[in-house]
Structures are given as C-alpha cells and as structure tokens.
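All remarks here apply to the structure that follows.
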Amino acid sequence: MDSDLPTVGLRLWRADAVVLFDWLMTVDLNTVPITHPAQKQALADLLSRLEYATDSDVAGSTAEEIAAAQEEVAKDLGW
1 MDSDLPTVGL RLWRADAVVL FDWLMTVDLN TVPITHPAQK QALADLLSRL
51 EYATDSDVAG STAEEIAAAQ EEVAKDLGW
C-alpha cells in the first residue's frame, strides 16, 4: 500500500475479523457480485491488511477458532 495515500483507522471485533479473513481466503472473488472493479480490489486489500496486520493474529486462526468466531458473530445477527 502506498504510504502517501490517505488512510482510515478501523477497529474490528476480533471475531468479525476472523470470519471475514476466513471468508476472503476461501471465496472466489471473481464470483462475488460487484458493480465496479474497485470493489473487488478493495476486498483483496482488506484480505491483505487482515493477513499482514502486525497487531493481529487473525491469519493464524485454527479451524476451532474460526468455528467459535462464526458462532459468536452469528449470535449478533440483527436482521
């Protein structure tokens, strides 16, 4: 990522980050419905940030941790 570009700090609940990372690692981004190519790139950028964030161990989540995170996030469904 270009360090000269403006950035936004974002704090995620760890369970959300684990679920998103797992999904992004397994989904075929070519099949995700998009209306602009930048959307696909933004998802790829999010995956990269989750994978290489120095303050996160999300990329090293075990299958058990992923399942637990999915359960936690699913409990919070508001729709």
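Under my numbering, the residue at position 34 of the sequence shown is numbered 34, and the numbers go up by one with no gaps. Even glycine gets a Cβ: it sits at the ideal position worked out from N, Cα and C.
Using 8 Å as the threshold, is the segment 32 to 44 in touch with the segment 52 to 63, meaning 3 or more CB pairs across them? no
My output table needs one value for Ile-66: the three-state DSSP class, helix, strand or coil. helix
Roughly how many angstroms lie between the CA atoms of Ala-68 and Ala-15, to the nearest whole one? 8 Å
Give me the Cα-Cα distance between Leu-20 and Gln-70, rounded to the nearest whole angstrom. 10 Å
Nearest-angstrom beta carbon gap, Met-25 and Leu-10 [assumed within contact, 8 Å]: Not confirmed; about 19 Å, so no contact.
Can you find the residues in the same chain that come closer than 8 Å, C-beta to C-beta, to Ile-66, ignoring five residues on each side of it along the sequence? Val-18, Val-19 and Asp-22
Alpha helix (DSSP H) containing Thr-37: first to last residue? Looking at the sequence shown, residue 37 is not Thr but Pro. Counting along the chain, the alpha helix (DSSP H) containing Pro-37 begins and ends at 37 to 52.
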